[in-house]
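Protein chains: 2
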Amino acid sequence: MEDQFIKAAGLIGDATRAAIMWTLLDGRAFTATELSIAVNTSPQNISMHLGKLLEANLLSVEKQGRHKYYRFSNKEVAYVVEAMANLIPKPEISSKTKSENYAPVKYCRTCYDHLAGKIGVALADSLLEQKIIIEKNNTFEISPEGQKWFSGFGINIEEARKQKRIFLKPCLDWSERRYHIAGSVGTLLLNKMLEQDWIRRTTNSRAIIITGKGEKEMLKSFKIVV
Amino acid sequence: MEDQFIKAAGLIGDATRAAIMWTLLDGRAFTATELSIAVNTSPQNISMHLGKLLEANLLSVEKQGRHKYYRFSNKEVAYVVEAMANLIPKPEISSKTKSENYAPVKYCRTCYDHLAGKIGVALADSLLEQKIIIEKNNTFEISPEGQKWFSGFGINIEEARKQKRIFLKPCLDWSERRYHIAGSVGTLLLNKMLEQDWIRRTTNSRAIIITGKGEKEMLKSFKIVV
DNA sequence: ATCATAGTTAAATCTGTATTGAAGTATTAC
DNA sequence: GTAATACTTCAATACAGATTTAACTATGAT
Numbered sequence: 001m002e003d004q005f006i007k008a009a010g011l012i013g014d015a016t017r018a019a020i021m022w023t024l025l026d027g028r029a030f031t032a033t034e035l036s037i038a039v040n041t042s043p044q045n046i047s048m049h050l051g052k053l054l055e056a057n058l059l060s061v062e063k064q065g066r067h068k069y070y071r072f073s074n075k076e077v078a079y080v081v082e083a084m085a086n087l088i089p090k091p092e093i094s095s096k097t098k099s100e101n102y103a104p105v106k107y108c109r110t111c112y113d114h115l116a117g118k119i120g121v122a123l124a125d126s127l128l129e130q131k132i133i134i135e136k137n138n139t140f141e142i143s144p145e146g147q148k149w150f151s152g153f154g155i156n157i158e159e160a161r162k163q164k165r166i167f168l169k170p171c172l173d174w175s176e177r178r179y180h181i182a183g184s185v186g187t188l189l190l191n192k193m194l195e196q197d198w199i200r201r202t203t204n205s206r207a208i209i210i211t212g213k214g215e216k217e218m219l220k221s222f223k224i225v226v
Numbered sequence: 001m002e003d004q005f006i007k008a009a010g011l012i013g014d015a016t017r018a019a020i021m022w023t024l025l026d027g028r029a030f031t032a033t034e035l036s037i038a039v040n041t042s043p044q045n046i047s048m049h050l051g052k053l054l055e056a057n058l059l060s061v062e063k064q065g066r067h068k069y070y071r072f073s074n075k076e077v078a079y080v081v082e083a084m085a086n087l088i089p090k091p092e093i094s095s096k097t098k099s100e101n102y103a104p105v106k107y108c109r110t111c112y113d114h115l116a117g118k119i120g121v122a123l124a125d126s127l128l129e130q131k132i133i134i135e136k137n138n139t140f141e142i143s144p145e146g147q148k149w150f151s152g153f154g155i156n157i158e159e160a161r162k163q164k165r166i167f168l169k170p171c172l173d174w175s176e177r178r179y180h181i182a183g184s185v186g187t188l189l190l191n192k193m194l195e196q197d198w199i200r201r202t203t204n205s206r207a208i209i210i211t212g213k214g215e216k217e218m219l220k221s222f223k224i225v226v
């Protein structure tokens with residue numbers, strides 16, 4: 001068991017491969033060439049590294065014509081990379097500076113079963129600003145008006161409160177370093193959006209895409225420009 | 001940000017350092033010499049590697065006389081190592097003991113020689129709730145009724161008290177972040193459970209599996225649903 | 001005071017493996 | 001068909017950094 005652990009650590013530990021993992025963390029699938037550009041090395045070299053990661057089952061690949069799309073092969077792998085990302089000392093967030101060069105997917109991925117990524121954070125901001133939820137010493141609470149809002153959105157808050165799992169809690173996303181909404185309310189929000197086809201899950205990835213409808217509705221309900 | 005990620009990955013990625021991390025995963029603090037033995041390399045080499053891990057704040061050290069005790073510097077580090085441990089292909093689990101969120105390492109692992117992981121924490125909770133043990137300014141004590149309970153369980157508390165090692169102490173588990181029971185009482189509990197075939201050790205792993213009998217008994221004695 | 005143990009530091013060496021260069025196959029475009 | 005793109009394979013090379021050799025400091029035991 002130990003040697004397998006060491007092998008896994010070594011695989012991720014190489015600088016080029018770590019850069020690959022970092023790139024893939026946004027949930028998208030990348031082609032070998034894209035990765036070689038992102039990581040700034042030769043295609044041959046990328047090919048070799050991808051081979052090793054595939055062999056170890058850290059990545060999986062899907063062939064489409066002459067392209068090969070690589071992604072994390074399972075969520076456990078993503079967790080390792082995320083856990084590592086969390087080791088990084090947190091920078092202060094200069095909110096709008098980096099929003100330009102956002103990769104489409106770092107953009108709106110699901111953090112387990114709630115919305116994280118840029119959209120998740122923007123959503124939390126919006127709900128806070130509209131006083132639908134209120135921050136109170138590091139927890140979130142739902143205001144009386146908020147309760148109305150949620151039921152208008154088709155979410156029964158009383159129902160959510162009954163569930164055993166944590167009701168509503170701020171969840172710090174590694175990629176955004178800002179709070180978004182987890183807990184049963186987070187899940188309900190996510191599900192409602194899926195149900196209404198504002199967003200769609202992609203297969204084999206934690207990334208989520210926003211539909212045309214979602215784009216309009218998010219602007220309307222949350223003043224979020226996606 | 002990316003370069004810091006790569007640096008962190010590289011630090012854990014070296015075989016010797018990975019072995020150090022693996023060793024430290026059980027939660028104990030180790031001296032440099034102990035680590036050099038566990039990892040099978042020279043003291044000089046260990047010293048060099050520990051220096052790097054310290055420098056990067058992945059480990060912290062405490063000096064005691066001529067010994068230096070190394071441990072993970074924070075839970076984030078432990079999470080990375082645990083997440084990596086979870087990458088390792090799981091040994092097959094008998095259907096009886098399978099439970100939904102089975103993760104070999106987190107689930108029910110031994111922390112040195114007592115029960116940690118999910119079960120260990122639940123157990124401590126149960127014993128506290130039943131007032132078998134009592135928390136008193138960050139230590140655990142056994143109540144008079146508790147003493148009876150333990151002897152009913154086949155554990156002689158007076159015997160345990162005589163041992164030189166720490167009798168009973170709360171131990172913070174990395175994976176659960178809640179206290180469980182260490183000390184000689186913790187060991188006795190663990191051994192008793194093994195003896196009664198409530199749980200079984202797996203070869204080559206810290207994980208422990210719960211037997212069908214254990215499942216029933218734990219529910220009965222501790223109201224723990226496994 | 002002396003010796004053993006614990007750990008560190010510095011320079012010399014060694015080695016695994018990442019990278020590169022050259023040549024190959026497969027697919028799409030024209 | 002030919003050319004271009006996407007990716008792989010193999011042998012040759014380069015090099016970071018792990019390990020070793022050796023000499024050192026600090027603490028504890030007798």
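Residue numbers (full-length UniProt numbering), protein chains in the order written: chain A, 1 to 226; chain B, 1 to 226.
Glycine included, each C-beta is placed from N, C-alpha and C at the ideal position.
Task: Collapsed DSSP secondary structure at B:S60 in the structure displayed - done: strand
- [ ] Measure the alpha-carbon distance for B:E62 versus B:Y70 and round it to whole angstroms.
- [x] Roughly 7 Å separates the two Cα atoms.
Task: Under 7 Å by beta carbon: chain B residues contacting A:N84 - done: Looking at the sequence itself, residue 84 of chain A is Met, so the reference to Asn does not match. The answer, in chain order, is F5, A8, A9, V80.
Open item on the list: I'd like to know whether the C-beta of A:I12 is nearer than 8 Å to at least one C-beta of chain B.
Closed with: For A:I12, the answer is yes, since a Cβ of chain B falls inside 8 Å of its Cβ.
Task: Candidates A:F222, A:I132, A:W198, A:N74: closest to residue 228 of chain A by CA position - done: Here chain A covers residues 1 to 226 and nothing more, so residue 228 of chain A does not appear.
TODO: Per DSSP, which residues does B:H67 bridge with? Please list them.
DONE: B:H67 pairs with B:Q64.
Task: B:N86 beta carbon less than 8 Å from that of A:E76 - done: Yes, they are a contact pair.
Open item on the list: I'd like to confirm the pairing. Which residues does DSSP put opposite residue 227 of chain B in its beta bridges?
Closed with: Missing from the structure shown is residue 227 of chain B; chain B here goes from 1 to 226 and no further.
TODO: Output yes if chain B places a C-beta closer than 8 Å to the C-beta of A:V185; else output no.
DONE: no
Task: Start and end residues, alpha helix (DSSP H) containing B:N45 - done: Here the alpha helix (DSSP H) through B:N45 covers 43-55.
Open item on the list: With a threshold of 8 Å between beta carbons, is B:M1 in contact with chain A?
Closed with: yes
- [ ] Would you tell me roughly how many angstroms separate the C-alpha atoms of B:A38 and B:K68, rounded to the nearest one?
- [x] 16 Å
Task: A:T23 burial status per 10 Å Cβ neighbour count (16 or more: buried) - done: buried
Task: Sequence-distant residues of the same chain with beta carbon closer than 7 Å to B:A18, five excluded per side - done: I12
Task: Assigned secondary structure, B:T31 (DSSP; H/G/I helix, E/B strand, else coil) - done: strand
Task: Interface flag, B:A122 vs chain A, CB-CB below 8 Å - done: no
- [ ] Using a Cβ cut-off of 8 Å (strictly closer), state whether A:E76 contacts chain B.
- [x] yes
TODO: Measure the C-alpha to C-alpha separation of A:N57 and A:I142 and round it to an integer number of angstroms.
DONE: 43 Å
Task: Three-state secondary structure assigned by DSSP to B:I88 - done: In this structure, B:I88 counts as coil in the three-state DSSP scheme.
- [ ] Using a Cβ cut-off of 8 Å (strictly closer), state whether B:L219 contacts chain A.
- [x] no
- [ ] Report the residue from A:A32, A:S221, A:P144, A:T211 whose alpha carbon sits nearest the alpha carbon of A:R66.
- [x] A:A32
Task: Cβ of A:L54 within 8 Å of any chain B Cβ - done: no
TODO: Buried or exposed for B:E82, please, with buried defined as at least 16 other CB atoms from any protein chain shown within 10 angstroms of its CB.
DONE: buried
Task: Helix, strand or coil at A:F5 [DSSP, three-state] - done: helix
Open item on the list: If distances are taken between C-alpha atoms only, which option among B:Q44, B:N40, B:M84, B:A8 comes closest to B:L59?
Closed with: B:A8
TODO: Indicate whether at least one CB of chain B lies closer than 8 Å to the CB of A:A15.
DONE: Yes, A:A15 counts as interfacial toward chain B.
Task: A:I20 at chain B interface by Cβ criterion, 8 Å - done: no
Task: Contacts that B:I88 makes with chain A (C-beta to C-beta distance below 8 Å) - done: M1, Q4, F5, A8
TODO: Measuring alpha carbon to alpha carbon, tell me which of B:L53, B:I88, B:A15 ends up nearest B:T41.
DONE: It is B:A15.
Task: A:L219, buried or exposed, once every other Cβ within 10 Å from all chains shown has been counted against 16 - done: exposed
Task: Per DSSP, the bridge partner or partners of A:F140 - done: Partner residues in the beta bridge of A:F140, as assigned by DSSP, are A:E135.
Task: B:Q159 versus B:S126 - alpha carbon distance - done: One point to set straight first is that residue 159 of chain B is Glu, not Gln, in the sequence displayed. Rounded to the nearest angstrom, the gap between the Cα atoms of B:E159 and B:S126 is 23 Å.
- [ ] Note the first and the last residue of the continuous alpha helix (DSSP H) segment covering A:W198.
- [x] Per DSSP, A:W198 belongs to no alpha helix (DSSP H) and is neither H nor E.
Open item on the list: Please state the DSSP three-state secondary structure of B:I181.
Closed with: If DSSP states are grouped into helix, strand and coil, B:I181 belongs with the strands.
Task: Member of A:A29, A:S73, A:I20 whose CA lies at the smallest distance from the CA of A:M48 - done: A:I20
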